[in-house]
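Residue numbers (this note's numbering): 182 to 1205.
Right, dumping it as structure tokens:
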């Protein structure tokens, strides 16, 4: 398998800061109240006497710290249950400190890794960097922004997520500063009066409140002078206008940003704010001193001092400081490890269950092409509005949820067979071979478009650094960043300037000055307290700020400057002023569905929506099995052995208590002692040989009734470093495939029933009756409509993503004048009633018709295209009538397609060559009788005679001749706008759907027959 991804020598080590001498009550029986009171209480007091433990736990959970402090100080009166809960909670934190590597406060951190011969050393002088807690800074900025004496001095910008809907300016609210979860989507709204619309329009880029108020007064001179300022105050209070005091997520030091904003606004001249500004400056000095401090005890004192003064300003934050740790470690890893990780990413991409994107985006692209057509540039705001396509299924606020059902696929069957084979062989591991990889591959791997950037996290398992250098190591995939997110970006503030530049380079997936543009999407999360993990200084030159006050307007791209277009394979995000394709990046790993604003998620996902999804190994249908063995590829464990433990399964095991039943279950299912409880993204490593760890599992099961357990690294696997660790490795494509934008055009017109000259009616029903409808009944209808309708054509539709959706025929009619709709509607109603009486499909409805200039051209070209569709419909009617007499309709359609290509070109040879290029050659035998008939009918010399011998052949010949004239006129008009060859594939496809039906596999065979006919003519003319 050819390599797709390459590393750049940029690696972050994630590991615990475990001091190495933590004392855990591993053998304490928490089910024994007496043992808990005697041994547990003593352990709690002894452990809490350690300053490092108190400091780390307090930063993680002030509630737990307060509970433990009350117990050990004797100020409270804990019950046995309270004591047990405190022991269990504190022990859980210490176990996490020892075993979990995910960076979290003082418990674990990161450090860059060098590339070279393996070596490793870890000290204890870890560097802790403090920043104001996100909830604290958000609450304080909000309070200051609403200070009446200050707000006129501030700059504001309109929230780019606000929309006008049904006469109201509407905004999706974020959670309160202290909230822990986003909760359901809530909206605030205000009447979208002209002054409100004007204020939002004039604040599309930062403007001072005073200047905005004056501008409103000038635009609405009849309003009272104070009305404008009152309105702006309401917009600021409602968060429709964002003040410059709210630090954007690209502000690395949010407190300094806030102070700078206050100074720029002249806050030192506002008595109500002067004291606050001085206090903030002192707090900033304390935090800076802390971040430069190398003595842990002094750093603790500085944190306490800063935290106390911060809490006095606003108490909305649980803990006013957010802490990140840079490890005191020096680690070098050989390139062979990184190359193995890149190979693992390659095979994970190959094995993805979503080679062409998630289903909701496939549906979205299909809806985009149906409504707007390819090449149409639709402004983002118009697209995601309820009047557009809205958001994809599964998005917050989308009209429909993402379906959770799935069918059993060939990949599922192949994986289940491998699992069953491993069970029969009695082995605990599946080693994937090349044949296995091919069997587990969904779709054509050569047609896959890989995402331009990815990140993979792996645990490096080796006995020593010498073993690593000798190639004696194993990797275990522990995570894959969701594209376009990143697990590494949020730690950029812990890096040196050179290290940050190296990380930033991995986000540049395009060449500078090229037709593509890498951008960083910056936005506040829906839960303010999570902003700490989304705060990343600019890693790219260009930022798209969403719902925030931009730090630098010169490097910012506004949402209103972005549009979406599509072609047959991809969706594209486009910067309209420059015409560049935009490649968005989110430099953090915030959860996308509930915690990310839907507009930010849409912009981040749309550009790579149809790329293959690089993700952890997907078990598919096997996810419901109680046990799945380890899955390995080369030296990498793609998926560790996994068990689904149900509480009911334990109850069925022999034993008098939980420990006995757990032991029986472990023996039955061959479960090792070292396992990891997996709950979403949360991980808790346990060693089931210890009573404490078993009690933690028991507690978890009592709360959830089900646990997913995965094997952990075996004993000795972390000896090379002396502690658990993961390597986080950014990857980019070695040879990015070209993704040129299609030719683009603005959206076309909309023709609604009863409002113009175009009418579109839809007939839903059994597709087996569609041939009769097109060949017999619709021509009868069209004949009765003259002179109300001067032209008509049909298209068949079948949803290839959801084949269970009923198929339909769209009947398009061009009226002679706008008064014709009423009599036409009456005629169509009578027609539907007649169809029903005949037992034919009769469900008829009127739907809007959307011009598609990106597909067919504009102006005269679009008008002449209608002539082609009408002429092709007449040809399809004639061909269906001939086919009804026994003539193979597929051969007729193939010859007709060759004739289309010949007519839609400067000369037949050019058209035939274009056909051979746009239709797949395919492989396998062709029906010789069909091939020969198609060749004969398409021959300009012998074809007319061959047609004349067929039933209804004269009618077919006449319609083909008429269509030739229409195609020539269309070609002439379109050639003044673009290369007409870009439309040929569409014309051929549409003819097949009219004359034969919607069946991709059958259409491929028809296309091969058409190619054979075209090649015959090229050969006769000496043009091959």
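Ideal Cβ placement from N, Cα and C applies to all residues, glycine included.
Report all residues from its chain with a CB closer than 6 Å to the CB of residue i; omit the five preceding and five following residues, and keep chain order.
{"i": "residue 1127", "result": "1117 and 1118"}
{"i": "residue 1038", "result": "1155 and 1158"}
{"i": "residue 391", "result": "333"}
{"i": "residue 767", "result": "665, 666, 702 and 785"}
{"i": "residue 1023", "result": "1013, 1016 and 1017"}
{"i": "residue 207", "result": "871 and 873"}
{"i": "residue 839", "result": "879"}
Just reading off the alpha helix (DSSP H) that residue i is part of, what are its end residues?
{"i": "residue 1024", "result": "Residue 1024 -> not in any alpha helix (DSSP H); beta strand (DSSP E) instead, spanning 1024-1028."}
{"i": "residue 1139", "result": "1134-1155"}
{"i": "residue 471", "result": "452-473"}
{"i": "residue 318", "result": "315-326"}
{"i": "residue 792", "result": "Here residue 792 belongs to no alpha helix (DSSP H), and DSSP marks it neither H nor E."}
{"i": "residue 995", "result": "Premise fails: residue 995 lies in the beta strand (DSSP E), 989-996, not in any alpha helix (DSSP H)."}
{"i": "residue 1081", "result": "1070-1084"}
{"i": "residue 1037", "result": "1034-1037"}
{"i": "residue 443", "result": "435-445"}
{"i": "residue 959", "result": "959-966"}
{"i": "residue 563", "result": "561-565"}
{"i": "residue 477", "result": "477-494"}
Please go through the same chain and pick out, in chain order, the residues whose beta-carbon is closer than 8 Å to the beta-carbon of residue i, but skip the five residues on each side of it.
{"i": "residue 135", "result": "Because the chain spans 182 through 1205 in this model, residue 135 falls outside it and cannot be assessed."}
{"i": "residue 387", "result": "336, 337, 338, 425, 730, 731 and 734"}
{"i": "residue 515", "result": "296, 297, 298, 299, 649 and 650"}
{"i": "residue 543", "result": "537, 791 and 982"}
{"i": "residue 698", "result": "691, 723, 756, 759, 761, 762, 763 and 764"}
If you follow the beta strand (DSSP E) that residue i is part of, which residue opens it and which one closes it?
{"i": "residue 701", "result": "697-703"}
{"i": "residue 290", "result": "289-296"}
{"i": "residue 505", "result": "502-507"}
{"i": "residue 939", "result": "939-945"}
{"i": "residue 572", "result": "Here residue 572 belongs to no beta strand (DSSP E), and DSSP marks it neither H nor E."}
{"i": "residue 955", "result": "Unbroken run through residue 955: none, as it is neither H nor E."}
{"i": "residue 252", "result": "Premise fails: residue 252 lies in the alpha helix (DSSP H), 243-254, not in any beta strand (DSSP E)."}
{"i": "residue 762", "result": "761-766"}
{"i": "residue 187", "result": "186-188"}
{"i": "residue 970", "result": "970-978"}
{"i": "residue 301", "result": "300-303"}
{"i": "residue 196", "result": "192-197"}
Between residue i and the rest of its own chain, which residues show a CB-CB distance below 7 Å, the 5 nearest in sequence each way excluded?
{"i": "residue 589", "result": "802"}
{"i": "residue 301", "result": "512, 646, 901 and 902"}
{"i": "residue 309", "result": "287, 480, 504 and 506"}
What does DSSP give as the partner residue(s) for residue i in the beta ladder?
{"i": "residue 814", "result": "817"}
{"i": "residue 308", "result": "507"}
{"i": "residue 145", "result": "The shown model of the chain, from 182 to 1205, leaves out residue 145, and the question about it has no answer."}
{"i": "residue 337", "result": "388 and 424"}
{"i": "residue 1087", "result": "In the DSSP output, where bridge partners are listed per residue, residue 1087 has none listed."}
{"i": "residue 986", "result": "Residue 986 pairs with nothing; no bridge assigned."}
{"i": "residue 1103", "result": "DSSP lists no partner for residue 1103."}
{"i": "residue 285", "result": "289"}
{"i": "residue 429", "result": "DSSP output for residue 429 lists no bridge partner at all."}
If residue i sits next to residue j, beta carbons under 8 Å apart, how far is it from one beta carbon to the other, in whole angstroms?
{"i": "residue 634", "j": "residue 913", "result": "5 Å"}
{"i": "residue 577", "j": "residue 545", "result": "Between residue 545 and residue 577 the Cβ distance is about 15 Å, and since that is not below 8 Å, they are no contact."}
{"i": "residue 267", "j": "residue 195", "result": "Their Cβ separation, rounded to whole angstroms, is 29 Å, which puts residue 267 and residue 195 out of contact at 8 Å."}
{"i": "residue 281", "j": "residue 197", "result": "7 Å"}
{"i": "residue 393", "j": "residue 384", "result": "6 Å"}
{"i": "residue 711", "j": "residue 771", "result": "6 Å"}
Is residue i near the ligand ADP, judged by its Cβ being under 7 Å from some heavy atom?
{"i": "residue 1195", "result": "Looking at this structure, you won't find the ligand ADP or any other ligand, since it has none at all."}
query: Can you list, in chain order, the stretches of the beta strand (DSSP E) that have 3 or more residues and sit fully within the stretch 576-656?
result: With a minimum length of 3 residues, the continuous beta strand (DSSP E) runs that stay inside the stretch 576-656 are 610-612 and 634-642.
3-residue-minimum beta strand (DSSP E) runs that sit fully inside the stretch 823-910, ordered along the chain: 823-827, 855-860, 863-868 and 887-892
field: alpha helix (DSSP H) runs contained entirely in the stretch 675-752, provided each spans 4 or more residues
entry: If we require 4 residues or more, the alpha helix (DSSP H) runs fully inside the stretch 675-752 come out as 678-686 and 712-715.
task: Within the stretch 339-420, note down every full alpha helix (DSSP H) run reaching 4 residues or more, in order along the chain.
output: 375-383, 390-400 and 406-418
- request: At 4 residues or longer, and completely inside the stretch 1156-1181: list those alpha helix (DSSP H) runs for me, N to C.
  value: 1162-1176
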